[in-house]
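Here's the structure we're looking at; comments come further down.
Chains as they are written, first to last, in the working numbering: chain C, -7 to 189; chain G, 131 to 311.
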């Protein structure tokens, strides 16, 4: 399964939910797929450009303040750098948080070095023992579509480990300035919460 | 230490704690993430028991930056409490998230390595905290035993939101009495 198809399915099924994407190809693909689906400017996309490991921590901070489903599109390298945040999520237990871990078992962009998930670490079990309410693992896109559709209905926190393959190609960098992402995303959340900017 | 010093010290502790909490409320900061520290515990304990605040204890200070940044972008102002040792865990998050994405977060940092420090392992990071803040262009102020505490805390939080970058409010042992070994 390709990360590209995973992200596409998330955008097609999660309406206007906040989507937070891991740095690098995940954020870049999110923008390109949003464009392809003619959903630009999707204000609820929060692209990250650095802050290694913090994608799901940012998603946690967002999820606590809203009743909407919040989707973090994270990666195995990123989660392994900050496994502690899985235990914080288990502790806080926001029922609206869904983490989709695109697990390619490698640091692809830096030269395809294998991560620990290529060996003995299973992110779905780590999440389960950190206190996630639901944990899933899938290896093909049809399986993913069913699991994600269900995840949008049930109470989380939910971890979906999607075993993905690399194509060897990376899209161009997201052409959205980080501070514009912040401004647009926050404005959209404030309007939704009927607060004043 | 004289009895009146102890009483005065106790009074001052309460005062600085109240000033920080009042300043947070003045700026609608209702979301707090922290990693514990024995001196800032005096504030975080009060915050935990105050229903105004949503509090998320994290496993690592860098994680606090992520969680608090998520809160800010979702429309709820946030602040962080940590020790100077933990500030060392935050630097890439600050420079690659908060600075480029313009996410302002007041960070309350207890300074180790100051007067009365007894642990050699705390000295370098404690004494490097403010120079590192200078190098990465994050403004900072240090609270000690002066009389303008409210202006320093509240005024610097105003500056933080005006500049839309994080700002460090460092807490010195002269403010809170330091860690009692």
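We put the CB at the ideal spot given by N, CA and C, even for glycine.
Just so you know, these numbers come straight off a predicted model, no measurement behind them.
Handout entry: Inter-residue spacing [alpha-carbon to alpha-carbon] between residue 218 of chain G and residue 114 of chain C
Key = For the purposes of this step, residue 218 of chain G is taken as residue 88 along the second chain, with counting starting at 1. For the purposes of this step, residue 114 of chain C is taken as residue 122 along the first chain, with counting starting at 1. Answer to the nearest angstrom: the Cα atoms are 29 Å apart.
Exercise for the section: Confirm, please, whether the CB-CB distance from residue 63 of chain C to residue 6 of chain C is below 8 Å. Expected result: In the first chain, counting from the first residue as 1, residue 6 of chain C sits at position 14. In the first chain, counting from the first residue as 1, residue 63 of chain C sits at position 71. In terms of Cβ geometry, residue 6 of chain C and residue 63 of chain C form a close pair [threshold 8 Å].
Exercise for the section: For residue 211 of chain G, write down the residues that DSSP places opposite it in a beta bridge. Expected result: As a position in the second chain, residue 211 of chain G is number 81, starting the count at 1. Answer is G:164 and G:238.
Exercise for the section: Decide if residue 116 of chain G is buried, meaning its Cβ has at least 16 other Cβ atoms within 10 Å, or exposed. Expected result: A query on residue 116 of chain G cannot be resolved here, the shown segment of chain G reaching from 131 to 311 and no further.
Handout entry: For residue 175 of chain G and residue 225 of chain G, the rounded distance between their alpha carbons
Key = For the purposes of this step, residue 225 of chain G is identified with residue 95 of the second chain, where counting begins at 1. For the purposes of this step, residue 175 of chain G is identified with residue 45 of the second chain, where counting begins at 1. Our two residues, residue 225 of chain G and residue 175 of chain G, have alpha carbons roughly 29 Å apart in a direct line.
Problem - Bridge partner(s) assigned by DSSP for residue 67 of chain C - result: Within the first chain, residue 67 of chain C is the residue found at index 75, counting from 1. For residue 67 of chain C, the pairing in a beta bridge is given by DSSP as C:94.
Problem - Own chain partners of residue 163 of chain G with C-beta closer than 6 Å, once the 5 adjacent residues on each side are dropped - result: Residue numbering aside, residue 163 of chain G sits at position 33 when the second chain is read from its first letter. Answer for residue 163 of chain G: 186, 188, 194, 197, 198 and 210, listed in chain order.
Practice task
Identify each residue in the segment 168 to 179 of chain G for which the Cβ-Cβ distance to at least one residue of chain C is less than 8 Å, and report them in chain order.
Solution key: Those residues of the segment 168 to 179 of chain G placed with their C-beta closer than 8 Å to a C-beta in chain C do not exist.
Exercise for the section: Alpha carbon to alpha carbon, how far is residue 239 of chain G from residue 91 of chain G? Give it in angstroms, no decimals. Expected result: No answer is possible for residue 91 of chain G: the residues shown for chain G start at 131 and end at 311.
Practice task
Indicate whether at least one CB of chain G lies closer than 8 Å to the CB of residue 63 of chain C.
Solution key: Sequence index remark: in the first chain, residue 63 of chain C carries index 71 (1-based). Judged by the 8 Å Cβ criterion, residue 63 of chain C is not in contact with chain G.
Handout entry: DSSP state of residue -7 of chain C mapped onto helix, strand, coil
Key = By 1-based counting over the first chain, the position of residue -7 of chain C is 1. DSSP places residue -7 of chain C in coil when its eight states are reduced to three.
Exercise for the section: Please go through the same chain and pick out, in chain order, the residues whose beta-carbon is closer than 6 Å to the beta-carbon of residue 142 of chain C, but skip the five residues on each side of it. Expected result: The residue labelled residue 142 of chain C in the question sits at position 150 within the first chain. Closer than 6 Å at Cβ, skipping near neighbours: no residue.
Practice task
Establish whether the CB of residue 152 of chain C and some CB of chain G are separated by less than 8 Å.
Solution key: Within the first chain, numbered from 1, the residue matching residue 152 of chain C stands at position 160. For residue 152 of chain C, the answer is no, since every Cβ of chain G falls outside 8 Å of its Cβ.
Exercise for the section: Identify the continuous beta strand (DSSP E) that holds residue 233 of chain G and give its terminal residues. Expected result: Indexing the second chain from 1 puts residue 233 of chain G at position 103. No beta strand (DSSP E) holds residue 233 of chain G; DSSP gives it neither H nor E.
Practice task
Please say whether residue 96 of chain C and residue 28 of chain C have beta carbons closer to each other than 8 Å?
Solution key: By 1-based counting over the first chain, the position of residue 28 of chain C is 36. By 1-based counting over the first chain, the position of residue 96 of chain C is 104. In this structure, residue 96 of chain C does not lie closer than 8 Å to residue 28 of chain C by Cβ.
Handout entry: Contact list for the segment 42 to 66 of chain C against chain G, Cβ threshold 9 Å
Key = Taken in chain order, the members of the segment 42 to 66 of chain C whose beta-carbon sits within less than 9 Å of a beta-carbon on chain G are 42, 43, 44, 45, 46, 47, 48, 49, 50, 51, 52, 53, 54, 55, 56, 57, 58 and 62.
Practice task
Report the three-state DSSP secondary structure of residue 38 of chain C (helix, strand or coil).
Solution key: The sequence position of residue 38 of chain C within the first chain is 46, counting from 1. If DSSP states are grouped into helix, strand and coil, residue 38 of chain C belongs with the strands.
Practice task
Give me the Cα-Cα distance between residue 212 of chain G and residue 19 of chain C, rounded to the nearest whole angstrom.
Solution key: On the second chain, position 82 is the one that residue 212 of chain G refers to. On the first chain, position 27 is the one that residue 19 of chain C refers to. Cα-Cα distance, rounded: 30 Å.
Practice task
Whole angstroms is fine: what's the gap from residue 36 of chain C's alpha carbon to residue 152 of chain G's?
Solution key: By one-based count along the first chain, residue 36 of chain C stands at place 44. By one-based count along the second chain, residue 152 of chain G stands at place 22. So the alpha carbons of these two residues sit roughly 32 Å apart.
Problem - Three-state secondary structure (DSSP) of residue 147 of chain C - result: By 1-based counting over the first chain, the position of residue 147 of chain C is 155. Coil at residue 147 of chain C, not helix or strand.
Exercise for the section: Identify every residue that forms a DSSP beta bridge with residue 126 of chain C. Expected result: In the first chain, counting from the first residue as 1, residue 126 of chain C sits at position 134. As a beta-bridge residue in DSSP terms, residue 126 of chain C pairs with C:150.
Exercise for the section: Counting only the same chain and skipping the five closest in sequence on each side, list residues whose C-beta sits under 8 Å from that of residue 1 of chain C. Expected result: What you label residue 1 of chain C is simply residue 9 of the first chain in a count that begins at 1. Closer than 8 Å at the Cβ level, and outside the excluded window around residue 1 of chain C, lie 133, 136, 137 and 140.
Exercise for the section: Give the residues of chain G in contact with residue 171 of chain C, contact being defined as C-beta atoms less than 9 Å apart. Expected result: Position 179 of the first chain, counted from the start, is the residue given in the question as residue 171 of chain C. What residue 171 of chain C touches in chain G: 230, 231, 232, 233 and 294.
Problem - Residues near residue 275 of chain G by beta carbon distance below 7 Å, same chain, minus five either side - result: Reading the second chain from its first residue, position 145 is the one you call residue 275 of chain G. 304 and 305, listed in sequence order.
Practice task
Taking all protein chains shown into account, decide if residue 59 of chain C is buried (16 or more other Cβ within 10 angstroms of its Cβ) or exposed.
Solution key: Indexing the first chain from 1 puts residue 59 of chain C at position 67. Counting every other CB atom within 10 Å of its CB across the protein chains shown gives residue 59 of chain C a total below 16, marking it as exposed.
Handout entry: Rounded straight-line distance, which links the Cα of residue 70 of chain C to that of residue 242 of chain G
Key = Walking along the second chain from the start, residue 242 of chain G turns up at place 112. Walking along the first chain from the start, residue 70 of chain C turns up at place 78. Near 30 Å, if we compare the C-alpha coordinates of residue 70 of chain C and residue 242 of chain G.
Exercise for the section: Please name the residue or residues paired with residue 298 of chain G in a DSSP beta bridge. Expected result: Residue mapping note: residue 298 of chain G aligns to position 168 of the second chain, counting from 1. Looking at the DSSP assignment, residue 298 of chain G forms a beta bridge with G:237 and G:270.
Problem - Residue(s) in a DSSP beta bridge with residue 186 of chain G - result: For this step, residue 186 of chain G is matched to residue 56 along the second chain. For residue 186 of chain G, which the question treats as bridged, DSSP gives the partners G:163.
Practice task
Identify whether residue 33 of chain C lies in helix, strand or coil by the three-state DSSP scheme.
Solution key: Along the first chain, read from residue 1 onward, the residue named residue 33 of chain C stands at position 41. It is coil, neither helix nor strand.
Handout entry: Candidates C:81, C:65 and C:56: closest to residue 207 of chain G by CA position
Key = For this step, residue 207 of chain G is matched to residue 77 along the second chain. For residue 207 of chain G, the closest C-alpha among the options C:81, C:65 and C:56 is that of C:56.
Handout entry: Nearest to residue 45 of chain C (by Cα), restricted to the options G:145, G:227, G:158 and G:182
Key = For the purposes of this step, residue 45 of chain C is taken as the residue at position 53 of the first chain. If you compare the alpha carbons of G:145, G:227, G:158 and G:182 with that of residue 45 of chain C, the shortest gap goes to G:227.
Practice task
Tell me whether residue 148 of chain G sits in a helix, a strand or coil according to DSSP, three-state version.
Solution key: Sequence index remark: in the second chain, residue 148 of chain G carries index 18 (1-based). Reduced to three states, the DSSP call for residue 148 of chain G is helix.
Problem - Beta carbon of residue 270 of chain G nearer than 8 Å to that of residue 300 of chain G - result: For this step, residue 270 of chain G is matched to residue 140 along the second chain. For this step, residue 300 of chain G is matched to residue 170 along the second chain. Yes, Cβ-Cβ distance for residue 270 of chain G and residue 300 of chain G is below 8 Å.
Problem - Candidates C:105, C:106 and C:101: closest to residue 163 of chain C by CA position - result: Counting from one through the first chain, the residue named residue 163 of chain C turns up at place 171. Residue 163 of chain C has its Cα closest to that of C:101, out of C:105, C:106 and C:101.
Problem - Sequence-distant residues of the same chain with beta carbon closer than 6 Å to residue 192 of chain G, five excluded per side - result: In the second chain, the residue the question calls residue 192 of chain G occupies position 62. Residues of the same chain with a CB within less than 6 Å of the CB of residue 192 of chain G, apart from the 5 flanking positions on each side, are 219, 220 and 223 in chain order.
Handout entry: Bridge-paired residues (DSSP) for residue 157 of chain C
Key = As a position in the first chain, residue 157 of chain C is number 165, starting the count at 1. Paired residues: C:-6.
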